[in-house]
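Heads up, the sequence shown is in numbering that gives the first Met the number 0, so the first residue is 0 and it goes up one at a time.
Ideal placement from N, C-alpha and C gives every residue a C-beta, glycine not left out.
Written out below as structure tokens is the structure these notes cover.
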Amino acid sequence: MTGRANGRPDGSRTGRAPLLVLDRAQVTSLLDMAEVIRVVEQAHEALSTGAARQPDRSSVELPGGSSLLVPMVAAVDPLAGAGVKLLTDTPSNAGRGLPVQQSVITLIDPETGACEAVLHGAPITLFRTAAASAVATRHLGRPGAATLGLVGAGAQARAHLAALARVSDFNQVLVWSRTRATVEAFAEHARAQGYAVKVADGPEQVVREADVLCTLTPSRTPLVRGEWFRPGLHVNAVGAPPRPDHREIDTAGILRSRVVVDSFPVASSESGEVLIPVQEGVITSEHYRTELGDVITGRAPGRRAEDDITLYNSVGVGIQDVAAARLVVDAARRQGLGTEVDLF
């Protein structure tokens with residue numbers, strides 16, 4: 000990267016800074032899970048207090064195909080970050096050997112309004128999603144949780160293991176996946192991190208034995224049933240795509256849980272996890288009105304009792320992406336990484 004000065008001694012900017020472009024490998028090398036957890040928690044706190052803003056988003060189905068286009072706009076004042084993540088969800092890509100979800104993030108200079116950076120979105124999505132689960136587990140999980148249960152054993156399982164280890168002292172990991180090779184590779188990875196790992200026969204075993212459960216599959220139909228939940232369980236429902244007809248947890252699971260969402264407006268338009276039970280007339284929107292940021296700030300209660308069943312419904316929001324992207328861009332500037340492009 001060819002750097003050049005674009006600021007005054009007082010920190011204000013002069014001239015037009017070049018656009019910084021960071022590819023997937025560069026973004027991955029600059030991400031630190033502990034730091035991502037920190038800024039994701041700050042971003043949700045800022046959303047609760049009004050210091051962060053993200054407008055209601057509208058997903059667009061692209062004509063002639065299966066792709067869903069999801070623009071995610073956010074500004075997080077305390078972190079000096081603003082930008083847009085553009086996510087596409089294309090189920091037919093699974094048959095092409097391409098990622099089903101793809102994204103790019105643009106970061107905006109909040110002082111000048113100029114586009115400051117363009118980043119590959121996948122690594123940031125991976126880290127910030129696991130980081131948000133860690134934040135939710137810190138505020139909603141039961142103290143002394145010993146067993147982490149994972150339904151799904153892919154990249155998100157590895158990221159969640161790394162993130163949740165920073166907020167809970169697990170001594171056992173219980174995991175299940177439809178694909179034997181995937182679950183065996185994860186088990187080897189987790190054992191190398193020093194964990195006792197048990198491969199479950201199915202999702203029911205994972206759910207019944209876990210203290211903290213993470214569901215990490217792109218399922219359209221429920222893999223996890225509420226009748227399996229035991230008192231004191233905390234669930235991070237993560238994997239379902241942002242579509243109102245997709246869910247991993249059945250209606251009974253939502254009904255039995257104290258549900259906390261990343262964003263009430265987003266969940267109300269995109270999360271099948273809560274929208275299907277509403278359509279069935281089993282719950283109302285009041286059942287999932289509590290946002291994670293309000294639990295962090297104390298504006299709303301989280302876990303009330305040791306036997307509570309809590310569930311964090313993770314759809315994914317722009318404040319998380321912008322906060323993590325700010326970290327990456329600042330680190331890239333310090334280390335001289337990336338490609339600068341002068342659009343002017």
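Here DSSP, grouped into helix, strand and coil, assigns ASP88 to strand. Of the other Cβ atoms in all chains shown, fewer than 16 fall within 10 Å of the Cβ of THR283; this residue is therefore exposed. Boundaries of the alpha helix (DSSP H) harbouring ILE295: 291 to 296, taken from the DSSP string. Taking the Cα of THR111 as reference, the smallest distance to any Cα among GLY80, GLN100 and GLN101 is reached at GLY80. The Cβ neighbour count for GLN25, taken over all protein chains shown within 10 Å, is at least 16; the residue is labelled buried. Beta bridge pairing from DSSP links VAL59 with LEU68. The residue among HIS233, LEU67, ALA73 and ALA131 with its C-alpha nearest the C-alpha of LEU86 is LEU67.
For ARG257, the uninterrupted beta strand (DSSP E) segment begins and ends at 257 to 260. Taking a cut-off of 8 Å on C-beta distances, the segment 257 to 274 touches the segment 304 to 321, as three or more cross pairs fall below it.
According to the DSSP assignment, LEU118 belongs to the beta strand (DSSP E) that extends over 114 to 119. When secondary structure is reduced to three states using DSSP, TYR311 falls in the strand class.
Under a 10 Å Cβ-count criterion, ASN235 is classified as buried, with 16 or more other Cβ atoms of the shown protein chains found around its own Cβ. One alpha carbon belongs to GLY280, the other to ALA154, and they sit about 35 Å apart.
Spanning the alpha carbons of THR146 and GLN171 requires a straight line of approximately 5 Å. When the alpha-carbon of PHE263 is set against those of ASP249, ASP293 and ALA180, the nearest one is in ASP293.
Within the segment 193 to 259, complete alpha helix (DSSP H) segments of at least 4 residues are found at 202 to 208 and 250 to 255, given in chain order.
Distance from the Cα of GLN101 is smallest, within the candidate group VAL260, ARG207, ALA116 and ALA121, for ALA121. Ranked by Cα distance from MET71, the options HIS159, VAL83 and PRO98 are led by VAL83.
With a beta-carbon spacing of about 23 Å, ALA239 and MET32 fall beyond the 8 Å limit used to define contacts.
Contact between ARG302 and LEU139 holds: their C-beta atoms lie close to 5 Å from each other, under 8 Å.
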